[in-house]
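Numbering (the numbering used here), first residue to last: 1 to 270. All C-beta atoms, glycine included, are put in the ideal place defined by N, C-alpha and C.
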């Protein structure tokens, strides 16, 4: 990077990957080749992971009950949680609606922690779940066997039970793409964007070039620079900007879930 200011190397906090980017696929591959030739450093390149999210579309009351008896002191935690969707971008909200001391105040934060820890791996494809509210409104406890860990486990179990009741869905990141291209190949560029599940927002003329704006799923833009270079014979340029998240089509959700399950098995995850 000291000798090539066009390279960028960062660790992506959401996917925990190291990302190497440049002016195009060839630029990146040449940098990797220099690393091997000069310093004997082998670098394995693979497509970057897409930072999917998950959320729920339905509202449901779910019980999480953890009960364990092993001869001595047991474990007991029982909570009822009402899960409901929130507007896109709201994140996560926990509501304490316990009355009458059915769950002691000191155990309620443990339910919250259990739900939050579970939400890091959603129920559709293992991606973080966002934009939902968890309202703890009922439950029970045992004078001897209840403790914070038991109610944390109850929160975890409550979250795991939402899958058949709250209609969980996969959210895919969207990117606003601005492309500048010669007018005579406008149709080819727009056709390519449409084939990537892109939504064309409009076009206008800027000097000798035509500007296209579109919203495209991030997963469909891998190696887009190479494709645009080929379509426009090197005369097209583009700019990307994060646009937000939207519900992924069922076929995309199924493929992502299957890929995630396969990768988990290859990595030894249960």
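{"Query": "Check for me: the beta strand (DSSP E) holding residue 39 runs from which residue to which?", "Result": "Looking at the DSSP string, residue 39 is not in any beta strand (DSSP E); the run it does join, the alpha helix (DSSP H), is 25-39."}
{"Query": "Taking 7 Å as the cut-off, decide whether the C-beta atoms of residue 179 and residue 216 are in contact.", "Result": "no"}
{"Query": "Apply the 10 Å Cβ neighbour rule to residue 143 and answer buried if 16 or more other Cβ atoms are within range, or exposed otherwise.", "Result": "exposed"}
{"Query": "Taking the alpha carbon of residue 128 as the reference point, which residue from 37, 50, 186, 249 has its own alpha carbon closest?", "Result": "50"}
{"Query": "Do the stretch 87-97 and the stretch 155-170 make contact, defined as three or more Cβ pairs closer than 8 Å?", "Result": "no"}
{"Query": "To the nearest angstrom, how far is it from the Cα of residue 228 to the Cα of residue 30?", "Result": "20 Å"}
{"Query": "Taking all protein chains shown into account, decide if residue 260 is buried (16 or more other Cβ within 10 angstroms of its Cβ) or exposed.", "Result": "buried"}
{"Query": "Excluding sequence positions up to five away, which residues of its chain have a Cβ less than 8 Å from the Cβ of residue 54?", "Result": "122, 123, 124, 125, 127, 128, 129, 130, 168, 169, 170, 171"}
{"Query": "Can you look up residue 270 in the DSSP assignment and give me helix, strand or coil?", "Result": "Low local confidence applies: a pLDDT of 46 at residue 270 is under 50, so the model's placement there is unreliable, with the coordinate-based value given in what follows. It is coil, neither helix nor strand."}
{"Query": "Starting from residue 173, trace the beta strand (DSSP E) in both directions and tell me its first and last residue.", "Result": "168-182"}
{"Query": "Give me the Cβ distance between residue 138 and residue 80, rounded to the nearest whole Å; I'm assuming they're in contact under 8 Å.", "Result": "4 Å"}
{"Query": "For residue 174, does the count of other Cβ atoms within 10 angstroms reach 16, so buried, or fall short, so exposed?", "Result": "buried"}
{"Query": "Can you round the beta-carbon distance between residue 56 and residue 132 to whole angstroms, since I take them to be within the 8 Å contact cut?", "Result": "5 Å"}
{"Query": "Taking 8 Å as the threshold, find out whether the stretch 204-212 comes into contact with the stretch 181-192 through three or more Cβ pairs.", "Result": "yes"}
{"Query": "So which of 14, 22, 64, 253 has the shortest CA-CA distance to residue 318?", "Result": "Outside the displayed span of the chain (1 to 270) sits residue 318, for which this structure offers no information."}
{"Query": "Just curious, the beta strand (DSSP E) that residue 239 is in, first and last residue?", "Result": "237-247"}
{"Query": "Between 140, 109, 36, 23, which has its C-alpha nearest residue 75's C-alpha?", "Result": "140"}
{"Query": "What would DSSP say about residue 66, mapped onto helix, strand or coil?", "Result": "strand"}
{"Query": "What are the boundary residues of the alpha helix (DSSP H) that residue 109 is part of?", "Result": "108-119"}
{"Query": "Among residues of its own chain, excluding the 5 on either side of residue 253, which ones have a beta-carbon nearer than 6 Å to its beta-carbon?", "Result": "170"}
{"Query": "Does the structure place the stretch 93-110 close enough to the stretch 20-29 that three or more beta carbon pairs sit under 8 Å?", "Result": "no"}
{"Query": "Could you give the residue range of the alpha helix (DSSP H) that holds residue 148?", "Result": "148-160"}
{"Query": "Would residue 270 be called buried (16 or more neighbouring beta carbons within 10 Å of its own) or exposed?", "Result": "Residue placement at residue 270 cannot be trusted, given a pLDDT of 46 that sits under 50; what the coordinates show is reported in the next sentence. Exposed, by the Cβ-count rule."}
{"Query": "Taking Cβ positions, are residue 111 and residue 155 nearer each other than 7 Å?", "Result": "yes"}
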